[in-house]
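So the protein sequences, as listed, match chains H and R.
When the letters of the first sequence are read in order and numbered with this note's numbering, they come out as residues 68 to 491.
When the letters of the second sequence are read in order and numbered with this note's numbering, they come out as residues 68 to 491.
Heads up, the beta-carbon is just placed ideally off N, CA and C, and yes, glycines get one too.
Contents: one structure, followed by commentary.
Protein chains: 2
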Amino acid sequence: MKFGAEILKQADVLGNFSEDAPRVTRTYLSKEHRLAGDYILSLMRDAGMTANYDAMGNVVGRYEAGVPFAPIVMTGSHQDTVRNAGKYDGLFGILSPIACVKALHAQGKRLPYTLEIVAFGDEEGVRFGVTLIGSKAMAGNFDPAWLEKRDANGVSMRQAITDFGGDPDAWRDLDRRGEQHGEVVAFVESHIEQGPTLLDEGLAVGVVTAIAGATRMNVKVTGLAGHAGTVPMTMRQDALAAASEMVLAVERYCCENAGLVGTVGKMSVLPGAVNVIPQDVDFTVDVRSENDALRTQAISAIRAEFTSIAARRNVKVDANPFFELKAAPCDESLQQQFATAIKAQGIEPRYLPSGAGHDAMEFPSVCPIAMLFVRCGNGGISHHPSETMTAEDAEIATATLLHFFEQYQPPVFVPDKAQRVDRS
Amino acid sequence: MKFGAEILKQADVLGNFSEDAPRVTRTYLSKEHRLAGDYILSLMRDAGMTANYDAMGNVVGRYEAGVPFAPIVMTGSHQDTVRNAGKYDGLFGILSPIACVKALHAQGKRLPYTLEIVAFGDEEGVRFGVTLIGSKAMAGNFDPAWLEKRDANGVSMRQAITDFGGDPDAWRDLDRRGEQHGEVVAFVESHIEQGPTLLDEGLAVGVVTAIAGATRMNVKVTGLAGHAGTVPMTMRQDALAAASEMVLAVERYCCENAGLVGTVGKMSVLPGAVNVIPQDVDFTVDVRSENDALRTQAISAIRAEFTSIAARRNVKVDANPFFELKAAPCDESLQQQFATAIKAQGIEPRYLPSGAGHDAMEFPSVCPIAMLFVRCGNGGISHHPSETMTAEDAEIATATLLHFFEQYQPPVFVPDKAQRVDRS
Numbered sequence: 068m069k070f071g072a073e074i075l076k077q078a079d080v081l082g083n084f085s086e087d088a089p090r091v092t093r094t095y096l097s098k099e100h101r102l103a104g105d106y107i108l109s110l111m112r113d114a115g116m117t118a119n120y121d122a123m124g125n126v127v128g129r130y131e132a133g134v135p136f137a138p139i140v141m142t143g144s145h146q147d148t149v150r151n152a153g154k155y156d157g158l159f160g161i162l163s164p165i166a167c168v169k170a171l172h173a174q175g176k177r178l179p180y181t182l183e184i185v186a187f188g189d190e191e192g193v194r195f196g197v198t199l200i201g202s203k204a205m206a207g208n209f210d211p212a213w214l215e216k217r218d219a220n221g222v223s224m225r226q227a228i229t230d231f232g233g234d235p236d237a238w239r240d241l242d243r244r245g246e247q248h249g250e251v252v253a254f255v256e257s258h259i260e261q262g263p264t265l266l267d268e269g270l271a272v273g274v275v276t277a278i279a280g281a282t283r284m285n286v287k288v289t290g291l292a293g294h295a296g297t298v299p300m301t302m303r304q305d306a307l308a309a310a311s312e313m314v315l316a317v318e319r320y321c322c323e324n325a326g327l328v329g330t331v332g333k334m335s336v337l338p339g340a341v342n343v344i345p346q347d348v349d350f351t352v353d354v355r356s357e358n359d360a361l362r363t364q365a366i367s368a369i370r371a372e373f374t375s376i377a378a379r380r381n382v383k384v385d386a387n388p389f390f391e392l393k394a395a396p397c398d399e400s401l402q403q404q405f406a407t408a409i410k411a412q413g414i415e416p417r418y419l420p421s422g423a424g425h426d427a428m429e430f431p432s433v434c435p436i437a438m439l440f441v442r443c444g445n446g447g448i449s450h451h452p453s454e455t456m457t458a459e460d461a462e463i464a465t466a467t468l469l470h471f472f473e474q475y476q477p478p479v480f481v482p483d484k485a486q487r488v489d490r491s
Numbered sequence: 068m069k070f071g072a073e074i075l076k077q078a079d080v081l082g083n084f085s086e087d088a089p090r091v092t093r094t095y096l097s098k099e100h101r102l103a104g105d106y107i108l109s110l111m112r113d114a115g116m117t118a119n120y121d122a123m124g125n126v127v128g129r130y131e132a133g134v135p136f137a138p139i140v141m142t143g144s145h146q147d148t149v150r151n152a153g154k155y156d157g158l159f160g161i162l163s164p165i166a167c168v169k170a171l172h173a174q175g176k177r178l179p180y181t182l183e184i185v186a187f188g189d190e191e192g193v194r195f196g197v198t199l200i201g202s203k204a205m206a207g208n209f210d211p212a213w214l215e216k217r218d219a220n221g222v223s224m225r226q227a228i229t230d231f232g233g234d235p236d237a238w239r240d241l242d243r244r245g246e247q248h249g250e251v252v253a254f255v256e257s258h259i260e261q262g263p264t265l266l267d268e269g270l271a272v273g274v275v276t277a278i279a280g281a282t283r284m285n286v287k288v289t290g291l292a293g294h295a296g297t298v299p300m301t302m303r304q305d306a307l308a309a310a311s312e313m314v315l316a317v318e319r320y321c322c323e324n325a326g327l328v329g330t331v332g333k334m335s336v337l338p339g340a341v342n343v344i345p346q347d348v349d350f351t352v353d354v355r356s357e358n359d360a361l362r363t364q365a366i367s368a369i370r371a372e373f374t375s376i377a378a379r380r381n382v383k384v385d386a387n388p389f390f391e392l393k394a395a396p397c398d399e400s401l402q403q404q405f406a407t408a409i410k411a412q413g414i415e416p417r418y419l420p421s422g423a424g425h426d427a428m429e430f431p432s433v434c435p436i437a438m439l440f441v442r443c444g445n446g447g448i449s450h451h452p453s454e455t456m457t458a459e460d461a462e463i464a465t466a467t468l469l470h471f472f473e474q475y476q477p478p479v480f481v482p483d484k485a486q487r488v489d490r491s
């Protein structure tokens with residue numbers, strides 16, 4: 068085994084850099100982010116790359132092209148985790164390309180493009196409530212207002228970046244659209260599936276067709292508090308009973324209509340006493356699909372059902388979408404090149420959507436994107452300590468990725484910029 | 068109007084003694100408990116009573132009998148409130164008998180028994196999580212282990228009683244079973260209904276038949292966390308979807324079986340993130356009935372349904388009863404005497420159960436109990452700022468109570484104690 072065992076060992080080391088060991092939790096710009104970043108830097112340098120932190124705490128390694136004036140292919144994923152996370156989400160997408168470069172470097176082999184590997188400082192958004200901070204900055208999608216967001220201890224992102232040794236006002240310089248840092252021709256990401264599809268079908272890897280779009284809503288149900296012993300059942304305006312019907316309505320709609328997933332992940336109940344009928348229930352809804360029309364339709368149908376449940380129960384409901392993300396399709400040609408690399412491992416390519424968001428989804432503003440999924444063990448669990456990946460799968464995925472890197476030919480550009488497609 | 072307007076004014080004054088004005092919240096042994104207690108003391112003394120705090124912060128007023136060696140009738144209710152409470156729950160049961168005594172005293176009239184009015188320090192249990200502290204102590208049901216319970220700021224009940232000027236270790240002396248403080252022959256309580264029955268039927272007052280029994284359970288549902296975007300609907304073990312079905316099962320059972328109310332008042336959902344399938348949901352169930360068999364049956368049926376929901380959804384459920392209270396029937400003869408007093412106001416007596424717990428429910432260990440209910444306005448809302456009572460209803464209820472006090476004849480005891488019924 069050339070790659071797999073070593074990558075899993077490296078993931079174990081990274082899992083130790085945790086804010087609440089023995090659980091794994093590592094948030095943006097934390098002390099543990101620094102420890103993990105330094106370790107990743109050392110792996111990159113050992114693999115023959117130049118590597119450094121950028122102004123926002125992302126670790127960026129470069130494996131220079133074998134030819135002059137070559138374009139750039141970017142790859143990578145995030146170093147941060149959710150609370151009480153697994154060890155492979157994000158990390159595998161950093162460690163696997165480093166292993167590829169190490170193998171290339173050992174053979175003294177250079178590619179017809181510069182390969183950049185990024186360990187994004189933040190994707191999960193745990194610390195500041197903004198997700199995909201690293202990739203948003205690089206894809207020109209960063210909003211400087213976010214610098215004033217504060218964590219649970221009142222520390223602003225601006226302050227935290229400064230304390231980390233970065234420069235919060237240099238966010239503009241990270242933007243990879245255009246050519247000030249060289250032309251980026253593709254962003255590819257390898258990632259654990261975080262779901263059970265490849266596991267169920269006995270496949271080590273798969274090609275991602277699109278990253279699902281998502282709508283998130285805050286829902287507020289307002290009933291009327293009352294004494295749990297004295298208000299007859301027929302006269303209640305119980306906000307929790309109404310919300311319970313709504314939770315089941317989300318579930319039912321997404322079960323009955325293929326291509327959707329829907330989740331109520333957060334709920335709070337007030338006043339929250341054993342002997343008081345609930346008056347105020349707040350909950351969130353998250354609906355995803357790789358088909359934007361299906362998702363939009365689902366949100367309308369779910370909102371209509373909420374309204375009818377509330378009317379029947381004599382409570383009020385407000386459902387406010389606060390986040391919408393269109394599906395990000397993967398580039399057809401890159402998908403085919405990944406399929407070829409998978410066939411080279413003796414595996415039939417399986418095409419599947421990604422229900423989860425990933426750093427790659429920010430990059431369509433910069434260049435075409437593609438993703439390689441690796442089988443997730445243990446029923447497909449992720450965002451959880453029982454997330455697993457086998458060394459065999461890590462081996463196959465890394466060999467696939469290396470095959471892709473070795474075969475990939477950057478497009479040849481006509482020097483006259485006027486003839487290029489404007490991707491901004 | 069002799070009583071009503073004055074009582075409502077007094078309730079307004081008491082509503083100002085609040086820990087979070089303009090809301091009304093007054094917990095046991097707080098600064099506001101002291102202010103309310105001092106005000107109640109002054110009302111009692113103005114009415115011609117001797118009155119003082121006891122060792123646990125209850126205010127006790129005595130209107131001495133007109134004959135020597137007379138027994139005692141106790142009345143009263145609680146001075147404390149839930150958070151964001153109404154103004155009449157508890158307080159009316161203190162203010163209305165004081166108004167009765169004031170009227171008797173003005174006429175120079177004494178009763179054939181000593182009337183004791185108690186303003187119990189705690190009934191709601193907000194501060195220390197133990198309910199009915201005052202009445203439990205007086206009824207010999209106090210557990211001294213509760214003295215070590217701590218409030219949200221870490222202050223023990225023991226410390227709080229001491230700081231209030233009381234004596235925590237004197238709880239034994241409050242016990243009114245037996246005769247060390249004189250023979251108690253009845254405990255009667257006037258109270259706002261906290262429900263809509265009298266309001267619906269256009270009646271100012273009613274006679275309580277029994278105080279409902281209750282069972283409370285802590286329910287823990289354990290599913291499996293997972294990524295909201297990647298776990299297909301059919302493969303989820305969503306603890307919140309399961310708990311939602313359980314909430315609706317409690318509601319349905321108590322709707323379909325008359326004589327029950329059931330409430331899920333508290334719920335917490337973990338990990339509690341918009342993009343994570345809930346793994347752990349904790350909630351409470353409160354089921355009440357004046358019929359103990361009906362309640363026991365309901366709890367069995369609900370637990371069985373929880374088990375079947377959990378099995379179908381591949382989650383775990385634990386339902387642990389943590390509180391059980393048998394129904395407390397009111398004394399038949401005292402009920403009839405209240406009915407007579409109601410008829411004297413030109414109102415047809417309505418007999419109804421109390422779904423809520425009250426101080427009176429602790430006293431069957433001491434003596435026979437009875438309760439008078441007063442109409443609750445505004446749909447019957449209580450434990451809420453919109454709880455209302457009209458001056459007219461306060462007038463009728465107080466006149467009823469006074470009629471009862473004037474007509475009540477204590478039983479004549481044979482001096483030989485051996486012939487008495489042992490009520491301990």
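> Skipping 5 residues on each side, what residues in its chain have a beta carbon closer than 8 Å to that of Gly296 (chain H)?
Replying inline: Excluding residues within five positions, the ones whose Cβ falls inside 8 Å are Asn342.
> Does Arg283 (chain R) come within less than 8 Å of chain H when only Cβ atoms are used?
Replying inline: It does: the Cβ of Arg283 (chain R) has a partner Cβ on chain H nearer than 8 Å.
> With distances taken from CA atoms, which of H:Phe373, H:Met300 and H:Ala132 is nearest Leu171 (chain H)?
Replying inline: Cα-wise, what sits closest to Leu171 (chain H) is H:Ala132.
> For Leu392 (chain H), does the three-state DSSP call read helix, strand or coil?
Replying inline: The answer is strand: DSSP assigns Leu392 (chain H) an E or B state.
>> So for Lys176 (chain R), helix, strand or coil by DSSP?
In response: The answer is coil: DSSP assigns Lys176 (chain R) none of H, G, I, E or B.
>> Tell me which residues share the same chain as Pro478 (chain H) and place their Cβ nearer than 7 Å to its Cβ, disregarding the 5 neighbours each side in the sequence.
In response: Closer than 7 Å at Cβ, skipping near neighbours: Val252.
>> So within the segment 170-256 of chain R, which uninterrupted beta strand (DSSP E) runs reach at least 3 residues, ignoring any that extend past its ends?
In response: Fully enclosed beta strand (DSSP E) runs of 3 or longer: 181-187.
> What residues of chain H sit near Lys333 (chain R), judged by a beta carbon separation below 7 Å?
Replying inline: The CB of Lys333 (chain R) comes closer than 7 Å to the CB of Val336, Gly339, Ala340 and Val341 in chain H, given here in chain order.
>> If contacts are defined as beta-carbon pairs under 8 Å, then His248 (chain H) and Ala292 (chain R) qualify, I think. What distance do you get, rounded to the angstrom?
In response: The pair is not a contact, with the Cβ atoms about 39 Å apart (cut-off 8 Å).
>> Rounding to the nearest angstrom, what Cα-Cα distance links Val314 (chain R) and Thr148 (chain R) in this structure?
In response: In this structure, the straight-line span from the alpha carbon of Val314 (chain R) to that of Thr148 (chain R) is close to 27 Å.
>> Against Glu256 (chain R), what residues of chain H qualify as contacts under a CB-to-CB distance less than 7 Å, listed in chain order?
In response: Under the 7 Å cutoff, chain H gives no residues; its nearest Cβ is about 15 Å from Glu256 (chain R).
>> Can you pull the chain H neighbours of Gln261 (chain R), defined as C-beta to C-beta under 7 Å?
In response: His294 and Thr297, listed in chain order.
>> Any contact between the segment 460-471 of chain R and the segment 438-445 of chain R? By contact I mean 3 or more CB pairs, one from each, below 8 Å.
In response: Counting Cβ pairs under 8 Å, three or more are found: they touch.
>> Buried or exposed for Ala325 (chain R), going by 16 or more other Cβ atoms inside 10 Å?
In response: Under this definition Ala325 (chain R) is an exposed residue.
> From the beta carbon of His451 (chain R), is the nearest beta carbon of chain H less than 8 Å away?
Replying inline: With 8 Å as the cut-off, His451 (chain R) counts as an interface residue toward chain H.
> Counting only beta-carbon atoms, is Ile165 (chain H) nearer than 8 Å to chain R?
Replying inline: No, its Cβ sits nowhere closer than 8 Å to a Cβ of chain R.
>> Using only CA atoms, which one of R:Asp79, R:Gly424 and R:Asp398 lies nearest to Lys203 (chain R)?
In response: Distances from the alpha-carbon of Lys203 (chain R) to those of R:Asp79, R:Gly424 and R:Asp398 put R:Gly424 closest.
>> Short of 8 Å Cβ to Cβ, which residues in the segment 300-317 of chain R face chain H?
In response: In summary, the residues of the segment 300-317 of chain R whose CB is separated from some CB of chain H by less than 8 Å are Met300, Thr301, Met302, Asp305, Leu307, Ala308, Ala310, Ser311, Glu312, Val314 and Leu315, in the order they occur in the chain.
> Is the number of C-beta pairs between the segment 166-186 of chain H and the segment 127-141 of chain H that are closer than 8 Å three or more?
Replying inline: The answer is yes - the segment 127-141 of chain H touches the segment 166-186 of chain H, with three or more Cβ pairs under 8 Å.
> Should Arg90 (chain H) be labelled buried (16 or more other beta-carbon atoms within 10 Å of its own) or exposed?
Replying inline: Label assigned to Arg90 (chain H): exposed.
> In terms of residues, what are the limits of the beta strand (DSSP E) holding Ser144 (chain H)?
Replying inline: That run of the beta strand (DSSP E) goes Ile139 to His145.
>> Looking at Val275 (chain H): is its Cβ nearer than 8 Å to the Cβ of Pro416 (chain H)?
In response: Going by C-beta atoms, Val275 (chain H) is not nearer than 8 Å to Pro416 (chain H).
> Which runs of the beta strand (DSSP E) spanning at least 3 residues fall entirely within the segment 435-477 of chain H, listed in chain order?
Replying inline: Entirely contained in the segment 435-477 of chain H, the beta strand (DSSP E) runs reaching 3 residues are, in chain order, 436-441.
> Which bits of chain R does Arg93 (chain H) rub up against, with CB to CB less than 8 Å?
Replying inline: Under the 8 Å cutoff, chain R gives no residues; its nearest Cβ is about 16 Å from Arg93 (chain H).
> Residues of chain H with a CB under 7 Å from the CB of Asp353 (chain R): which are they?
Replying inline: Ala295, Val341 and Asn342, listed in chain order.
> Given that a residue counts as buried once 16 or more other Cβ atoms are within 10 Å of its Cβ, and exposed if not, what is Ile256 (chain R)?
Replying inline: The question names Ile, but residue 256 (chain R) is Glu in the sequence shown. For Glu256 (chain R), the number of other beta carbons within 10 angstroms of its own is at least 16, and it is reported as buried.
> First and last residue of the beta strand (DSSP E) that includes Ser109 (chain H)?
Replying inline: No beta strand (DSSP E) holds Ser109 (chain H); the alpha helix (DSSP H) holding it covers Lys98 to Asp113.
> Since Gln77 (chain H) and Gly104 (chain H) are thought to touch, with beta carbons under 8 Å apart, how far apart are those beta carbons, to the nearest angstrom?
Replying inline: Between Gln77 (chain H) and Gly104 (chain H) the beta-carbon gap is near 14 Å, outside 8 Å, which marks them as no contact.
>> Please classify Glu473 (chain R) as buried or exposed, where buried requires at least 16 other C-beta atoms within 10 Å of its C-beta.
In response: Around the beta carbon of Glu473 (chain R), fewer than 16 other beta carbons sit within 10 angstroms, so the residue counts as exposed.
> Is Gly422 (chain H) close to chain R, meaning its C-beta is less than 8 Å from at least one C-beta of that chain?
Replying inline: Yes, contact with chain R.
> Which residues in the same chain have their Cβ closer than 7 Å to the Cβ of Pro338 (chain R), if we skip the five residues on either side of it in sequence?
Replying inline: For Pro338 (chain R), where only same-chain residues beyond five positions count, the Cβ hits under 7 Å are Ala292 and Gln346.
>> Against Val441 (chain H), what residues of chain R qualify as contacts under a CB-to-CB distance less than 9 Å, listed in chain order?
In response: The contacting residues do not exist; Val441 (chain H) stays about 13 Å from chain R at best.
> Contact between the segment 373-390 of chain H and the segment 298-315 of chain H: three or more CB pairs below 8 Å?
Replying inline: As far as the Cβ criterion goes, the segment 373-390 of chain H touches the segment 298-315 of chain H, which means the pair count is three or higher.
>> Below 9 Å on C-beta distance, what does Arg150 (chain H) contact in chain R?
In response: Within chain R, the residues near Arg150 (chain H) are Pro338 and Ala340.
> What three-state label does DSSP hand Leu81 (chain H) in the structure shown?
Replying inline: The three-state reading of DSSP puts Leu81 (chain H) in helix, counting H, G and I together.
>> Could you check whether Phe231 (chain H) and Met141 (chain H) sit closer than 8 Å to each other, using their CB atoms as the reference points?
In response: Cβ atoms of Met141 (chain H) and Phe231 (chain H): not closer than 8 Å.
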